[in-house]
Structure formats: structure tokens, C-alpha cells
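Engineer: Those sequence lines, one after another, are chains A and B.
At position 190 of the first sequence (counting the first as 1) the number is 189 in numbering that gives the first Met the number 0, and the numbers step up by one without a gap.
At position 124 of the second sequence (counting the first as 1) the number is 123 in numbering that gives the first Met the number 0, and the numbers step up by one without a gap.
For each residue, glycine too, the CB sits at the ideal point set by N, CA and C.
Provided herewith is a single structure, encoded as C-alpha cells, for subsequent inquiry.
Protein chains: 2
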Amino acid sequence: MNRLQLVASIFEKKSFLCVGLDPELSKIPPHLHSEPDPIYAFNCAIIDATRDLCVAYKPNLAFYEALGPKGWVTFQKTVDYIGTSHLIIADAKRGDIGNTSRMYAEAFFNQLHCDAITVAPYMGADSVQPFTGFQDKWVILLALTSNAGSADFQQTIQEGEHRKLFEKVLVQSQAWGTPENMMYVVGATHPEAFAGVRALAPEHFLLVPGVGAQGGDLEAICAHGLNKDCGLLVNSSRGILYASAGTDFAEKARAEALALQQSMAAILAKM
Amino acid sequence: MNRLQLVASIFEKKSFLCVGLDPELSKIPPHLHSEPDPIYAFNCAIIDATRDLCVAYKPNLAFYEALGPKGWVTFQKTVDYIGTSHLIIADAKRGDIGNTSRMYAEAFFNQLHCDAITVAPYMGADSVQPFTGFQDKWVILLALTSNAGSADFQQTIQEGEHRKLFEKVLVQSQAWGTPENMMYVVGATHPEAFAGVRALAPEHFLLVPGVGAQGGDLEAICAHGLNKDCGLLVNSSRGILYASAGTDFAEKARAEALALQQSMAAILAKM
Numbered sequence: 000m001n002r003l004q005l006v007a008s009i010f011e012k013k014s015f016l017c018v019g020l021d022p023e024l025s026k027i028p029p030h031l032h033s034e035p036d037p038i039y040a041f042n043c044a045i046i047d048a049t050r051d052l053c054v055a056y057k058p059n060l061a062f063y064e065a066l067g068p069k070g071w072v073t074f075q076k077t078v079d080y081i082g083t084s085h086l087i088i089a090d091a092k093r094g095d096i097g098n099t100s101r102m103y104a105e106a107f108f109n110q111l112h113c114d115a116i117t118v119a120p121y122m123g124a125d126s127v128q129p130f131t132g133f134q135d136k137w138v139i140l141l142a143l144t145s146n147a148g149s150a151d152f153q154q155t156i157q158e159g160e161h162r163k164l165f166e167k168v169l170v171q172s173q174a175w176g177t178p179e180n181m182m183y184v185v186g187a188t189h190p191e192a193f194a195g196v197r198a199l200a201p202e203h204f205l206l207v208p209g210v211g212a213q214g215g216d217l218e219a220i221c222a223h224g225l226n227k228d229c230g231l232l233v234n235s236s237r238g239i240l241y242a243s244a245g246t247d248f249a250e251k252a253r254a255e256a257l258a259l260q261q262s263m264a265a266i267l268a269k270m
Numbered sequence: 000m001n002r003l004q005l006v007a008s009i010f011e012k013k014s015f016l017c018v019g020l021d022p023e024l025s026k027i028p029p030h031l032h033s034e035p036d037p038i039y040a041f042n043c044a045i046i047d048a049t050r051d052l053c054v055a056y057k058p059n060l061a062f063y064e065a066l067g068p069k070g071w072v073t074f075q076k077t078v079d080y081i082g083t084s085h086l087i088i089a090d091a092k093r094g095d096i097g098n099t100s101r102m103y104a105e106a107f108f109n110q111l112h113c114d115a116i117t118v119a120p121y122m123g124a125d126s127v128q129p130f131t132g133f134q135d136k137w138v139i140l141l142a143l144t145s146n147a148g149s150a151d152f153q154q155t156i157q158e159g160e161h162r163k164l165f166e167k168v169l170v171q172s173q174a175w176g177t178p179e180n181m182m183y184v185v186g187a188t189h190p191e192a193f194a195g196v197r198a199l200a201p202e203h204f205l206l207v208p209g210v211g212a213q214g215g216d217l218e219a220i221c222a223h224g225l226n227k228d229c230g231l232l233v234n235s236s237r238g239i240l241y242a243s244a245g246t247d248f249a250e251k252a253r254a255e256a257l258a259l260q261q262s263m264a265a266i267l268a269k270m
């Protein structure tokens, strides 16, 4: 999916919601455990319940790897079930030396048919650039993550540059890709950072985790995070997936997604 | 495998060699392509040829993920084939928010039976600590990697600390684990850095990639990298795996590994 298609989808659906597909066997409703592939059954129900309300899905690979080889089959089936109507983000946080990053890019883009992959910037240019050479595919670089540990290294000021590490990542990485094939992760738990991020990266899309279970606030992010193309994909995972542990889980998931979509529609209407 | 066992194995075998199991279908000898699982057949032959010469194996997950779900079966079979005699390092470069890192730790340590996993430090304490709570298991943090991109962020000086980012990682992360459950990646392509690394982390084991295909020199690393327990695991992947593309690939791989082991034995004898 390219940028034009993504932006069109956002304004058509009046939504910049990304649904995080991070299913845990211990948290999905008990009645699904008798299914041949309970996680897949859960994902399909969540996708059916939210498809018209979101523009992207973001399965985090950890939750599939934890299931062993059959977890990868579940991942692949889930991606296939979503199809080509949504941006599919493999939240994998990969990144390795050049020849190895190329293997990851090949795996996630060409074999697993994902549109985007999250990548950690620690290893620099040659670990990231292999992901930018694919038509209509995206690399999403971690900049300022939503967790407490983001204070440990990402926010330390770099000598001579008077910039924090995540700001250096935002600036330097713009030589490695374009706003058509690169996005940045900026956590909703840092609403005060969005004005500064937009000053450094006015055009790029930002993938924003941390709304919901992690406590981020949608209005606060949008106050400075929006750009003329919307420029935001706001993710919610646990808040939607586990809205109910009963047989009504999909219905309750839809209600949570709908509440977010309606807030987003109101925000987009004011643009 | 715990530190005592690892150190005993190093001095018994007179080797601190780690063999990187990064097999690519396009590079393995043609006669293996008729095997039911060519990559597994290749790995088994390499393991048989090098088992007495090395103390660790390091499969890089990218090369297995690129094969799709069956690649994970190959990975698991390879780990099982190695058994408990060697330190098995999942070179996965993972790292995510706390609850997600816990899923990765569970997958790699308890399900896939690896002894160690490489982790990127960018997301800070809560992305790393979930890996340190397992008996006789190790987290191996990226500090100064072997690739050109290591200059982009890892070597920038941090204001007020007068330390490079990788040095800050070395210092700060020592609060998250111990020399019994944490190692650091320091690339062989930076021989000049080892004295400084040892000043900051005198006791920790260092995993050293970049010897061989990437050009690192064993003597230069050891000059400052050794500690009283040896403290080094030096990895070679391509230099061993692809020493020959013919039916003699395992024999030639053994010759490469043996040359490295003999150099290591000479270095250990001088300790």
C-alpha cells in the first residue's frame, strides 16, 4: 500500500486507527480454545469486527513466535485474511547488518506480504536501508517509544548536536528513505514531544502506540501531531482486543474501536 | 549453560570459537538441495564438522524466518541437534516493551531451548530486563556492532557524560543484569575499542562478530579483550560455512574452524 492509498483510506473511513493484533492464548475468550487454531479464530473475529473502522493492522511478532512454528502459520493466515485493503504492519523491531537486514526485508515484504515493518535504528544506515528498496513498502523506525525505558538512551542529549538521540534518529534517517517509504514510531505517552517531532519531520507518517492500556491521550497527540495528510496512525491493542473476555468479545472490541474512530472523525472534521 | 560451564568448556577445548549458523539456500552446496530439508542437512554437517572445535553456535534468525514457517521448524531441529554441550545463541536482535519482551524471552528460552539471545538496547531497561530472569540463560546486548552503520548513533558522544552511546549502554545496563546473565556484542571491526570496553566492563563476556568475511583480526581483539575467564566468544559465520561450495564443504569448514581454534589455543596458552 502506498502513501496515496493510505491517505485516501484515512479520509474515506474518517479514521487513522491501527488495531494491534497481539493475541495471547491466556487472554482470549475460553470458548475459542476448542477451535483448531484459537488465535486465528480470535484474530478473524477481531478483524471482522473492526475492518471498516481502521486503516491498519499491526500484529506484533512476539505473540506469534511464542507459539512456535505453528505461530508463524497463524501469522501468515492472519495477514492473508486481512488482505490488501489495510496497511499491514509487522511489528517486529528487527535490524541487523546489511546482508541480514536484506533477509528480513525479503521475508516480511515478499514472502509474508506485509506492507511495513518496524525496525530499531541502533545499528544505523546499513541496517535500515535494505528495507527501503521495495515498491509500496514501508520501514517504520523506532524514534521515541512508549515505554519507560525510552528515557534510558533515546532522550539523552548528543554532544555538539544539542539534540536528543531520538531527534538525531529523526534527522539523520531522512537521508535513508522518503516520506513515501519511511515512518517513525513516537509513543502516545510523550504528548509533549509531538510539536518537536513535527518540526523535524513535518511530512512523515508517525505510528503512535500507547493509547489505551499504556495511558496515552488521543487529543493531546493530535494537537501537534497532525499534518495535511493526517500523518498519524494511532494504535490500540489491548484496549480493543480484551474489551471483554466473554462470547461478546468481538462486539465489545468493535465498541472500543468505534469510540476511537468517532473521536478521530471529529478531529479530522476540524482539520 | 551457566558461566562456570562456559568457562570450563573454553579451557577444556582451548577454544572460544562461536560458529554462526546463517545458512542461505542459494549458497549451500548444490548436492544438498535434494535433501528433504537442505538447510537442516547443511547445518548438521557443519555441526558435526566443528563440534569439538567450538564452544558456541549462533544461528541468526533472519536466515530461518526467510524460509517461512518451515524455517522455524529447521531452526528448532538445529537447536535440538546441537544439544546441551554448546552455548546456543539466538541471534535475533529483539527488544520491545516489557510485556512483549517477556513473550520473546519465553519463546527463545523456554520453548526453543536457546541459552542466549541478542537484544538491541534502544528501548532501554524494561525492554531488556525480562530476559535476565531465567536460570542459566543470557541476554547479549548490542553495544558496538561490526557494521559501518555503527558510526551513525553508537559512537556519538552523549552530552554531560563525555561517553559514546555504546559506552553509556555498557555502563547503564550493568544495573539490569550480572556478568552471569549478560554479555555484550562488540564487533571485531573495532579492535581499537576493546581496551575501553574492558575498562567499563571488565568481567562480562563479549560476543565478537566480524572476524573473517567482515575483516576483523583475532590477535588485535585479544590484545585487550581477554579477561581472566577468557571473556570472549569470537564468531565466524560465512568464513566457515562457505569455505567450499562443493561436496567437501564440511571438510573445508572444519579446516577453517581448526585454523581459528589453533590460533585461539596459542592465545590461551599465553594467558
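Give me the chain B residues within the contact set of Ala-264 of chain A, using Cβ-Cβ distance strictly less than 9 Å, ordered along the chain.
Structural biologist: Under the 9 Å cutoff, chain B gives no residues; its nearest Cβ is about 28 Å from Ala-264 of chain A.
Engineer: Considering just the uninterrupted stretch of the alpha helix (DSSP H) at Ile-357 of chain B, what are its terminal residues?
Structural biologist: This structure does not reach residue 357 of chain B, given that chain B is present from 0 up to 270, and the question cannot be answered.
Engineer: If you drop the 5 nearest sequence neighbours on each side, which residues of the same chain put their C-beta closer than 7 Å to that of Phe-130 of chain A?
Structural biologist: These residues qualify, in order along the chain: Ser-100, Ala-104, Ile-116, Val-118 and Val-138.
Engineer: Is DSSP giving Asp-79 of chain B helix, strand or coil here?
Structural biologist: Of the three classes helix, strand and coil, the one that applies to Asp-79 of chain B here is helix, per DSSP.
Engineer: Please list, in chain order, the residues of the stretch 44-69 of chain A that have any C-beta partner in chain B closer than 7 Å.
Structural biologist: Result list: Asn-59, Ala-61, Phe-62, Glu-64, Ala-65, Gly-67 and Pro-68.
Engineer: Report all residues from its chain with a CB closer than 8 Å to the CB of Arg-2 of chain B; omit the five preceding and five following residues, and keep chain order.
Structural biologist: Only Pro-178, Glu-179, Phe-204 and Asp-228 meet the Cβ criterion.
Engineer: Indicate whether Leu-199 of chain A and Phe-165 of chain A have their beta-carbon atoms separated by less than 7 Å.
Structural biologist: In this structure, Phe-165 of chain A does not lie closer than 7 Å to Leu-199 of chain A by Cβ.
Engineer: Specify, as a first and last residue, the run of the beta strand (DSSP E) that Cys-302 of chain B falls within.
Structural biologist: Shown here, chain B extends from 0 to 270; a query on residue 302 of chain B therefore has no answer.
Engineer: As a quick exercise: from A:Cys-221, A:Asn-226 and A:Leu-217, pick the residue whose alpha carbon is nearest that of Ala-256 of chain A.
Structural biologist: Taking only the C-alpha atoms, the option nearest Ala-256 of chain A is A:Leu-217.
Engineer: Whose CA, out of B:Gly-195, B:Ala-40 and B:Phe-108, lies closest to the CA of Thr-77 of chain B?
Structural biologist: It is B:Ala-40 whose Cα lies nearest to the Cα of Thr-77 of chain B.
Engineer: With distance defined between alpha-carbon atoms, name the residue in A:Met-270, A:Ser-262, A:Ile-266 and A:Ala-242 nearest to Ile-45 of chain A.
Structural biologist: The shortest C-alpha separation from Ile-45 of chain A is found at A:Ala-242.
Engineer: How would you write the range of the alpha helix (DSSP H) that Lys-251 of chain A sits in, first residue to last?
Structural biologist: That run of the alpha helix (DSSP H) goes 248-268.
Engineer: Using DSSP with H/G/I as helix, E/B as strand and the rest coil, what is Leu-240 of chain B?
Structural biologist: Helix.
Engineer: Considering only residues of the stretch 50-135 of chain B, which uninterrupted alpha helix (DSSP H) runs meet the minimum length of 4 residues and lie entirely inside it, listed in chain order?
Structural biologist: With a minimum length of 4 residues, the continuous alpha helix (DSSP H) runs that stay inside the stretch 50-135 of chain B are 61-64, 68-81, 97-104 and 124-127.
Engineer: On the three-state DSSP scale, how would you describe Gln-173 of chain B?
Structural biologist: Gln-173 of chain B: helix per DSSP, three-state reduction.
Engineer: Name the DSSP bridge partner or partners of Gly-195 of chain A?
Structural biologist: In the DSSP output, where bridge partners are listed per residue, Gly-195 of chain A has none listed.
Engineer: For Leu-164 of chain B, which residues in chain A fall below 9 Å Cβ to Cβ?
Structural biologist: In chain order: Tyr-121, Phe-152, Thr-155, Gln-157 and Leu-164.
Engineer: For Met-271 of chain A, I'd like the list of residues in its chain whose CB is within less than 8 Å of its CB, leaving aside the five on either flank, ordered along the chain.
Structural biologist: Outside the displayed range of chain A (0 to 270) lies residue 271 of chain A, so it cannot be described from this structure.
Engineer: Determine, using beta-carbon pairs with one atom in the stretch 56-74 of chain A and one in the stretch 11-27 of chain B, whether at least three such pairs fall under 8 Å.
Structural biologist: They do not touch, by the three-pair rule.
Engineer: For Ala-264 of chain A, which residues in the same chain have their Cβ closer than 6 Å to its Cβ, ignoring the five residues on either side in sequence?
Structural biologist: The answer, listed in chain order, is Lys-13.
Engineer: Quick one: does Val-72 of chain B have its CB under 7 Å from some CB of chain A?
Structural biologist: Val-72 of chain B counts as touching chain A.
Engineer: When DSSP labels each residue in this structure, what does Gly-215 of chain A get in the three-state scheme?
Structural biologist: Looking at Gly-215 of chain A - three-state DSSP - the assignment turns out to be strand.
Engineer: So, are the CB atoms of Cys-221 of chain A and Ile-266 of chain A less than 7 Å apart?
Structural biologist: In contact: Cys-221 of chain A and Ile-266 of chain A (Cβ atoms closer than 7 Å).
Engineer: Let me confirm a value: Pro-29 of chain A is counted as buried when at least 16 other C-beta atoms fall within 10 Å, else exposed. Which label applies?
Structural biologist: Its Cβ having fewer than 16 others within 10 Å, Pro-29 of chain A is exposed.
Engineer: Excluding the 5 residues preceding and the 5 following Asn-234 of chain A in the sequence, name in chain order all residues of the same chain whose CB lies nearer than 6 Å to its CB.
Structural biologist: Same-chain partners within the cutoff: Cys-17, Gly-19, Lys-57 and Pro-208.
Engineer: So that I know if they touch, is there some Cβ in chain A lying closer than 7 Å to that of Ser-126 of chain B?
Structural biologist: Judged by the 7 Å Cβ criterion, Ser-126 of chain B is in contact with chain A.
Engineer: Please report whether the beta-carbon of Leu-199 of chain A lies at a distance below 7 Å from any beta-carbon of chain B.
Structural biologist: No, Leu-199 of chain A lies away from the interface with chain B (no Cβ there is under 7 Å from its Cβ).
Engineer: Can you tell me the Cα-Cα spacing of Phe-74 of chain B and Ser-236 of chain A, whole angstroms?
Structural biologist: Taking the straight line from one Cα to the other gives about 29 Å.
Engineer: Would a C-beta distance cut-off of 7 Å place Asp-125 of chain B and Gly-148 of chain A closer than the cut-off?
Structural biologist: Going by C-beta atoms, Asp-125 of chain B is nearer than 7 Å to Gly-148 of chain A.
Engineer: Below 7 Å between beta carbons is the criterion; list the residues of the stretch 95-116 of chain B that meet it against any residue of chain D, in chain order.
Structural biologist: Structure shown: chain D not included; protein chains present are A and B.
Engineer: What number of angstroms, rounded off, separates the C-alpha of Asn-226 of chain A from the C-alpha of Met-270 of chain A?
Structural biologist: Answer to the nearest angstrom: the Cα atoms are 9 Å apart.
Engineer: Three-state secondary structure (DSSP) at Lys-26 of chain B?
Structural biologist: In this structure, Lys-26 of chain B counts as coil in the three-state DSSP scheme.
Engineer: Tell me which residue opens and which closes the beta strand (DSSP E) that Asn-234 of chain B is part of.
Structural biologist: 231-235 is the extent of the beta strand (DSSP E) around Asn-234 of chain B.
Engineer: Does Ala-187 of chain A come within less than 7 Å of chain B when only Cβ atoms are used?
Structural biologist: Judged by the 7 Å Cβ criterion, Ala-187 of chain A is not in contact with chain B.
Engineer: What residues from chain B crowd round Gly-230 of chain A, counting only those whose CB sits closer than 9 Å?
Structural biologist: Those do not exist, as Gly-230 of chain A stays about 23 Å from chain B at its closest Cβ, beyond 9 Å.
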